[in-house]
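Residue numbers (this note's numbering): -9 to 189.
Inspection log for the structure reproduced underneath, given as structure tokens.
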């Protein structure tokens, strides 16, 4: 299905565009809230500044997709593959990314307030200056992730793997680190859950 067909059918009220191969599609700045792209292939798609708020992207393949400054607030993205995707400055507040594959994805300065990353794989992701306040990262794999200057206030990091993570000057005040693996993590200047500064 071509981009023009999707846009035309969307304007006519259709929302289900699941299980399509849309590799490399360009949807920059399009307004597509509530659309269903579940199990669709959007590898290397250009979705810059797209509005996908409350969209269904369950098990979607967004490998190497560009979602810079995209609006994905409240989207359902469980089990999605966003490996090496670019989500810098994207609005991902309250998004559901449970068990998603986010290897080497870039979330620089992204808004991730109350996002759900339970059991997600975020190894080597770039999350510098991201806002993860009250996010659920329990049992997530955050090995070697860059969270420098990130906001993690009241985030749930229980049983998360943060081995080798870079948390320089991150704000972890009120965060839950019970059972988390912090081996070889770099915490210089970070604000710890109790409000103290790690030296």
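Glycine included, each C-beta is placed from N, C-alpha and C at the ideal position.
Of all alpha-carbon atoms in 83, 2, 126, 16, the one lying nearest the alpha-carbon of residue -8 is that of 16. Note on geometry: alpha-carbon atoms of residue 151 and residue -1 lie some 43 Å from one another. Bridge partners of residue 176 according to DSSP: 156.
Residue pairing by DSSP puts residue 141 in a beta bridge opposite 121, 161.
With respect to the C-alpha of residue 58, the residue from 148, 77, 153 having the closest C-alpha is 77. One thing to note: residue 92 has its Cβ no nearer than 8 Å to the Cβ of residue 60.
Secondary structure at residue -4: helix, using DSSP grouped into helix, strand and coil. Here DSSP, grouped into helix, strand and coil, assigns residue 22 to coil.
When rounded, the separation of the alpha-carbon atoms in residue 70 and residue 182 is 31 Å.
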